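Below: one structure, written as structure tokens.
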Ligand code: SF4
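In our numbering, the protein residues as written are 1 to 355.
The following block contains the structure:
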């Protein structure tokens, strides 16, 4: 997203010396206390990683579409802009273990197909809504809701996600952001009917089975034809196509990553849309989120502003995070020390070897 100006109501809280937390700030101290120190106390500049650099142009383009300021075709330009930005910043996707740009290629195919298929939703929406939730005493939680649809009976909250889908283990963790948004909207007096992520890399295909019941398949856009192969094969066979013709048609469909080449009668039985993943706001997840927020704020209070109170994460266990995901690895003294020790160890081992 384009850099946001500080909203006047947020600036007022800062001016009055209130404590303002975002979900990122709360998450930061749980990932690594020292990262929280470097980011929020020392306020050092962040290193931009590929995953934090991606998504902003797409978010902006989606916002324009929803506001009726642009056509869906701008999404294609937004994807190109994301890639150009990476070039300008001199950063790239990590290579796979064989040294190939698989992650980059997959991202491009998924997002391009999403851009091609996206239809602006209809309804009364608000985008990028600032929420300020009064937590307790002089503590506030802030955030921005990507999309809110106002219905007769309440609101529907949506967060655009360009990341990978969440597994069971990470669902509650990811869901805290949505819980927080829901709490903030409830505090404003709204009934929250539904909260969801729109997972842009994924699609949902629905078709009617022989028993008349609908069935869904969630896929990455790049694989959706491949993932439907057995269903399509069966339906083509029921329509009287022989094995050779079926193979030829499905080969073409997979190549094109599209159903366009398939018979109209078959295509009309399938509907593929961006994957909207609902999150259930149960009492348990709401309580868990409240506890998490209280515990995280308590950690900040315990550490105060004193550098030595903020401990690094367990670098031996978290070395992937430190090297690839932490925005402060270039300014972290603990990471430097760890890397220096590794190098020293490698050099000493080399000296023992003849070759
Ligand atoms: S590099 Fe590792 S230890 Fe250092 S701040 Fe980042 S996460 Fe913490």
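We treat Cβ as the ideally placed atom computed from N, Cα and C, and that holds for glycine.
Here the structure is a predicted model, which is why all the values come from computation and not from measurement.
Note the first and the last residue of the continuous beta strand (DSSP E) segment covering residue i.
i: residue 275; result: 270-279
i: residue 310; result: From DSSP, residue 310 is part of no beta strand (DSSP E); its letter is neither H nor E.
i: residue 145; result: 139-151
i: residue 136; result: 125-136
Could you please give the first and the last residue of the uninterrupted alpha helix (DSSP H) stretch that includes residue i?
i: residue 255; result: 243-256
i: residue 298; result: 283-303
i: residue 64; result: 56-67
i: residue 77; result: 74-89
i: residue 356; result: Beyond the ends of the chain as shown, which are 1 and 355, falls residue 356; an answer cannot be given.
i: residue 36; result: 33-36
i: residue 324; result: That residue, residue 324, is in no alpha helix (DSSP H); it is neither H nor E in DSSP.
i: residue 52; result: 50-53
i: residue 260; result: Counting along the chain, residue 260 falls outside any alpha helix (DSSP H), and DSSP gives it neither H nor E.
DSSP puts residue i in a beta bridge; with which residues?
i: residue 99; result: Its beta-bridge partners do not exist; DSSP assigns none.
i: residue 154; result: 151
i: residue 160; result: 198
What does a CB cutoff of less than 7 Å around residue i pick up in its chain, not counting 5 residues either side in sequence?
i: residue 236; result: 246, 249, 266
i: residue 253; result: 225, 259, 261, 262
i: residue 120; result: 65, 66, 72
i: residue 151; result: 193
i: residue 63; result: 127, 128
i: residue 35; result: 28, 326, 328
i: residue 331; result: 38, 44
i: residue 286; result: 179
i: residue 209; result: 215
i: residue 41; result: 305
i: residue 53; result: 85, 86, 89, 91
i: residue 98; result: none
i: residue 297; result: 21, 139
i: residue 231; result: 207
Please list, in chain order, all residues of the same chain as residue i whose beta carbon is under 6 Å from its beta carbon, the five residues on each side excluded.
i: residue 55; result: 162
i: residue 156; result: 149, 193, 194
i: residue 339; result: none
i: residue 299; result: 29
i: residue 337; result: none
i: residue 50; result: 91, 93
i: residue 191; result: 154
i: residue 189; result: none
i: residue 335; result: 322, 329
i: residue 309; result: 303
Report the CB separation of residue i from residue j in whole angstroms; it is logged as a contact under 8 Å.
i: residue 175; j: residue 21; result: Contact doesn't hold; Cβ gap of about 18 Å is too wide.
i: residue 95; j: residue 125; result: Their Cβ separation, rounded to whole angstroms, is 39 Å, which puts residue 95 and residue 125 out of contact at 8 Å.
i: residue 328; j: residue 26; result: In fact, because the Cβ distance is near 17 Å, the residues do not count as touching under 8 Å.
i: residue 133; j: residue 184; result: 4 Å
i: residue 213; j: residue 205; result: Not a contact, Cβ separation roughly 15 Å.
i: residue 31; j: residue 322; result: The pair is not a contact, with the Cβ atoms about 10 Å apart (cut-off 8 Å).
i: residue 81; j: residue 57; result: 4 Å
i: residue 171; j: residue 114; result: Not confirmed; about 22 Å, so no contact.
i: residue 10; j: residue 186; result: Not confirmed; about 20 Å, so no contact.
i: residue 180; j: residue 23; result: 6 Å
i: residue 275; j: residue 202; result: 4 Å
i: residue 106; j: residue 222; result: 6 Å
i: residue 83; j: residue 48; result: About 14 Å; that fails the 8 Å criterion.
i: residue 138; j: residue 19; result: 6 Å
i: residue 110; j: residue 220; result: 5 Å
Is any heavy atom in the ligand SAM found nearer than 6 Å to the beta carbon of residue i?
i: residue 40; result: With respect to the ligand SAM, the structure offers nothing, as its ligand set consists of the ligand SF4.
Beta-carbon within less than 8 Å of residue i's beta-carbon, same chain only, minus the 5 sequence neighbours each way: which residues are those?
i: residue 7; result: 130
i: residue 271; result: 205, 206, 207
i: residue 104; result: 92, 93
Is there a Cβ from chain D that is less than 7 Å from the Cβ of residue i?
i: residue 11; result: Looking at the structure shown, chain D is missing, and only one protein chain is on hand.
Which runs of the beta strand (DSSP E) spanning at least 3 residues fall entirely within the stretch 2-31, listed in chain order? 19-22
Run through the stretch 166-254 for me and flag every whole beta strand (DSSP E) of 3 or more residues, listed as ranges in chain order. 192-208, 214-220
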